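Enquirer: Position 131 of the sequence shown, counting from 1, maps to 137 under the working numbering, and the rest follow consecutively. Note that beta-carbon positions come from the ideal geometry of N, C-alpha and C, so glycine has one too. If you're wondering where the values come from, they're calculated on a predicted model, not measured in any experiment. Let me give you the structure first, and then I'll get to my questions.
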Amino acid sequence: MSEAIRHSRAGLYHRVSTLDQDPQLASGEMYSAAHARGLEVLLDVAETGSGARNDRPGLQRVLGAARRGQVDTVIVWKLDRFGRSALDLLANIRILEDAGVRFISISQGLDVRPGGDPMSRLILVVLAGVAEFERELIGERTRLGLDKARRAGKRMGRPRGPRAPAPATVLLLRTQGLSWRAVARELACTVAAARRAAQRGQQGRAENGVGDPPSEVPESTGTE
7 MSEAIRHSRA
17 GLYHRVSTLD
27 QDPQLASGEM
37 YSAAHARGLE
47 VLLDVAETGS
57 GARNDRPGLQ
67 RVLGAARRGQ
77 VDTVIVWKLD
87 RFGRSALDLL
97 ANIRILEDAG
107 VRFISISQGL
117 DVRPGGDPMS
127 RLILVVLAGV
137 AEFERELIGE
147 RTRLGLDKAR
157 RAGKRMGRPR
167 GPRAPAPATV
177 LLLRTQGLSW
187 RAVARELACT
197 VAAARRAAQR
207 GQQGRAENGV
217 GDPPSEVPES
227 TGTE
């Protein structure tokens, strides 16, 4: 079997993290790299879990496909997406080599073939160490940034509690005949919150001269 035919089935693996500016860009580049090499993409796995674990379901799915001979080439966007540490990364690539599977990392321009030359392996080891160092450096910068923000009294994370419903949405649902309870259930809020939103919507309409408020928004305090 020729080399071109032997390595014609590709599996893509990309782990989406908060540091990714455009996950779709990475995915598109991986597909382009596969097609440029004459590879047919048979497996596309996007991992959204934590990168701190080496037993991630998506990663294990790709490694399992390699062991079973379902793919001949595995393509990643960056080296640090294929292992949480340099040791894990090298161990995962060793699994691919034992299965006779080629490994390509787009960002580093790395192409590791089974039984490759010693220089390629040396480059891989060095790049794996650099990738781990960069990830730890980014993590440290993130922690320092969070600590600085906390010391400055900034609130971290999302606002607590449910978001207030949009006045226009509440008014629209009321004009469609929904009761206050039905509106609250539809918008995952309390009846009181829905009423307050409707009142804000009425006031906004009046201030902007947009006709009269809908008659379906009564001023009573009942739940219906």
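(1) By the three-class DSSP mapping on this structure, what secondary structure does residue 185 have?
(2) With DSSP collapsed to three states, give me the class of residue 194.
(3) For residue 201, collect the residues of the same chain with a Cβ closer than 7 Å to its Cβ; drop the 5 residues on either side in sequence, then sort them by chain order.
(4) Given this structure, state the Cα-to-Cα distance separating residue 76 from residue 40, to the nearest angstrom.
(5) Quick check on the DSSP output: the beta strand (DSSP E) that includes residue 117 runs from which residue to which?
(6) Who are the near neighbours of residue 111 in its chain, counting only those whose CB is closer than 6 Å to its CB and skipping five residues on each side?
(7) Since I believe residue 16 is in contact with residue 45 (beta carbons under 8 Å), could you give me their beta-carbon distance rounded to a whole number of angstroms?
(8) What residues in its chain sit with their C-beta under 8 Å from that of residue 170, if we drop five residues either side in the sequence?
(9) Within 10 Å of its beta-carbon, does residue 107 have 16 or more other beta-carbons around it, so buried, or fewer, so exposed?
(10) At the level of alpha carbons, what is the spacing between residue 33 and residue 20?
(11) Per DSSP, residue 50 forms a beta bridge with which residues?
Expert: The short version:
(1) Three-state result, residue 185: coil.
(2) coil
(3) 186
(4) 16 Å
(5) 116 to 118
(6) 82, 85
(7) About 4 Å; that satisfies the 8 Å criterion.
(8) 195, 199, 202, 203
(9) buried
(10) 7 Å
(11) 18
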